[in-house]
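Have a look at the structure below before the remarks.
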Amino acid sequence: MRLVQFCHKVAEGIVRVGVEQDEGQGIVDLKAFDPSMPSTMREFLELGPKGMDCAKRALSSGQNVLPRSDIRLLSPVTNPEKVVCVGMNYKDHCLEQNAPIPKEPIIFSKFPCSITGPNDDIILPDESQEVDWEVELAFVIGRKGKHIKEEEALSYIAGFTVANDVSARDWQMKRNGKQWLLGKTFDTFCPLGPALVTTDSLKDVHKLGIRCFVNGATVQESNTNQMIFQTEKVVAWVSQFVTLYPGDVFLTGTPPGVGVFRNPPVFLKKGDVVECQIDEIGSIRNTVV
1 MRLVQFCHKV
11 AEGIVRVGVE
21 QDEGQGIVDL
31 KAFDPSMPST
41 MREFLELGPK
51 GMDCAKRALS
61 SGQNVLPRSD
71 IRLLSPVTNP
81 EKVVCVGMNY
91 KDHCLEQNAP
101 IPKEPIIFSK
111 FPCSITGPND
121 DIILPDESQE
131 VDWEVELAFV
141 IGRKGKHIKE
151 EEALSYIAGF
161 TVANDVSARD
171 WQMKRNGKQW
181 LLGKTFDTFC
191 PLGPALVTTD
201 SLKDVHKLGI
211 RCFVNGATVQ
221 ESNTNQMIFQ
231 TEKVVAWVSQ
241 FVTLYPGDVF
251 LTGTPPGVGV
261 FRNPPVFLKK
271 GDVVECQIDE
281 IGSIRNTVV
């Protein structure tokens with residue numbers, strides 16, 4: 001299934017959870033199908049199998065379908081408790097910067113307020129002149145867990161989506177003691193979407209083409225088979241330290257082609273359009289303002 005969060009264009013403040021009939025097709029409004037369903041993805045995921053069963057029934061019913069022209073897609077998840085990120089997690093990205101392959105996952109975070117929708121604007125902050133792109137595979141936790149075993153980790157994941165880990169390189173690499181957080185967490189620095197594709201809908205999440213375009217030109221192109229620490233390992237690793245909750249968002253690292261390691265470096269400017277795309281999941285397209 002392809003789960004989405006959306007609002008009606010005529011009622012912008014009202015959030016709904018829906019199921020996409022097919023990528024880019026009509027959206028089944030879950031609350032219209034079953035008024036007992038919650039209005040946000042995080043609450044929906046907290047229902048566990050009950051929510052997923054309802055979504056399957058709603059999709060097969062063919063009822064309560066809204067045309068895409070009537071809705072605005074939001075990030076598949078808003079207001080998660082955590083946004084957990086993995087740095088230096090693609091072999092080819094490490095080679096690009098002559099960095100050693102990490103022996104354990106490098107974990108950092110973004111604040112949840114950095115999340116924005118799949119078609120929303122990326123706002124250039126006055127405080128940075130070196131804003132960069134990073135296409136990433138993201139996943140969302142579907143049930144609570146701590147000390148999760150690697151072989152059981154996939155059962156804790158609700159689904160996968162596309163992310164752009166927008167990064168202010170001056171703040172990440174030169175300022176604030178070279179701690180990564182501030183450079184990663186400006187408002188709008190985490191576009192997500194277009195849908196949360198359930199784990200059982202993907203053949204092999206670690207064999208997907210992943211790419212990024214800036215103004216139509218390909219800047220990143222790789223495959224998720226380049227990941228050093230795959231999804232299950234990341235879940236098991238992080239859950240040693242913190243309890244994971246439904247709705248928690250994970251970003252799993254970026255392939256080579258980011259702007260900061262180009263010669264000369266290239267950074268985003270007003271008017272640029274960034275498209276991040278992953279096979280079988282979809283694409284997000286954000287304009288820089």
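Numbering (this note's numbering), first residue to last: 1 to 289. Virtual Cβ for every residue (Gly too), placed ideally from N, Cα, C. Here the structure is a predicted model, which means the values were calculated and not measured.
Own chain, CB closer than 8 angstroms to residue i, minus 5 neighbours either side, in chain order
i           : result
residue 148 : 156, 235, 236, 239 and 244
residue 269 : 124 and 288
residue 25  : 68
Helix, strand or coil at residue i [DSSP, three-state]
i           : result
residue 98  : coil
residue 49  : helix
residue 152 : helix
residue 225 : helix
residue 130 : coil
residue 254 : coil
residue 285 : strand
residue 81  : coil
residue 280 : coil
residue 177 : helix
residue 108 : strand
residue 267 : coil
residue 275 : strand
residue 290 : An answer regarding residue 290 cannot be provided, because it is not within the stretch 1 to 289 covered by the chain.
residue 213 : strand
residue 244 : strand
Unbroken alpha helix (DSSP H) run spanning residue i, endpoints
i           : result
residue 30  : 30 to 33
residue 172 : 169 to 173
residue 181 : 181 to 184
Closest by C-alpha distance to residue i, when choosing among the options
i           : options               : result
residue 105 : 89, 115, 99 and 251   : 89
residue 182 : 13, 112 and 204       : 112
residue 191 : 221, 215, 120 and 228 : 120
residue 229 : 16, 26, 27 and 85     : 85
residue 219 : 135, 22 and 61        : 135
residue 265 : 50, 30 and 169        : 169
residue 70  : 144, 9 and 97         : 9
residue 22  : 194, 101 and 257      : 194
residue 279 : 212, 224 and 208      : 208
residue 180 : 189, 188, 167 and 187 : 167
residue 102 : 114, 115, 87 and 201  : 87
residue 198 : 114, 175, 159 and 146 : 159
residue 153 : 232, 133, 12 and 273  : 232
residue 165 : 126, 61 and 188       : 188
residue 205 : 217, 213 and 223      : 223
residue 282 : 115, 76, 11 and 141   : 76
Own chain residues within Cβ distance below 7 angstroms of residue i, not counting five before or after
i           : result
residue 63  : 33
residue 250 : 84, 138, 139 and 234
residue 73  : 4, 6, 117, 118, 119, 193 and 194
residue 143 : 48, 156 and 246
residue 80  : 42, 112, 247, 248 and 249
residue 227 : 89, 90, 206, 252 and 253
residue 55  : 1, 3, 19 and 30
Run of the beta strand (DSSP E) containing residue i, from where it starts to where it stops
i           : result
residue 232 : Looking at the DSSP string, residue 232 is not in any beta strand (DSSP E); the run it does join, the alpha helix (DSSP H), is 231 to 238.
residue 206 : No beta strand (DSSP E) contains residue 206, which DSSP labels as neither H nor E.
residue 160 : 157 to 164
residue 15  : 11 to 20
residue 147 : Premise fails: residue 147 is in no beta strand (DSSP E) and is neither H nor E.
residue 191 : 190 to 198
residue 7   : 2 to 8
residue 73  : 71 to 73
residue 137 : 135 to 141
Cβ shell of residue i (< 6 angstroms), same chain only, five flanking positions each side left out
i           : result
residue 82  : 248
residue 97  : 261
residue 221 : 211
residue 46  : 246
residue 163 : 136, 138, 192 and 251
residue 44  : 17, 38 and 51
residue 65  : 26 and 28
residue 14  : 7
residue 256 : 92, 93 and 96
residue 274 : 133, 214 and 286
Spatial distance of residue i from residue j (CA atoms)
i           : j           : result
residue 349 : residue 225 : Residue 349 lies beyond the residue range present for the chain, which begins at 1 and ends at 289; the question has no answer from this structure.
residue 215 : residue 267 : 12 angstroms
residue 35  : residue 176 : 48 angstroms
residue 57  : residue 17  : 14 angstroms
residue 201 : residue 1   : 6 angstroms
residue 128 : residue 109 : 19 angstroms
residue 93  : residue 151 : 27 angstroms
residue 161 : residue 242 : 22 angstroms
residue 131 : residue 178 : 16 angstroms
residue 114 : residue 60  : 35 angstroms
residue 284 : residue 277 : 7 angstroms
Residue i: CB within 6 angstroms of a non-hydrogen atom of the ligand SAM
i          : result
residue 70 : The ligand SAM is absent from the structure shown, which contains no ligand whatsoever.
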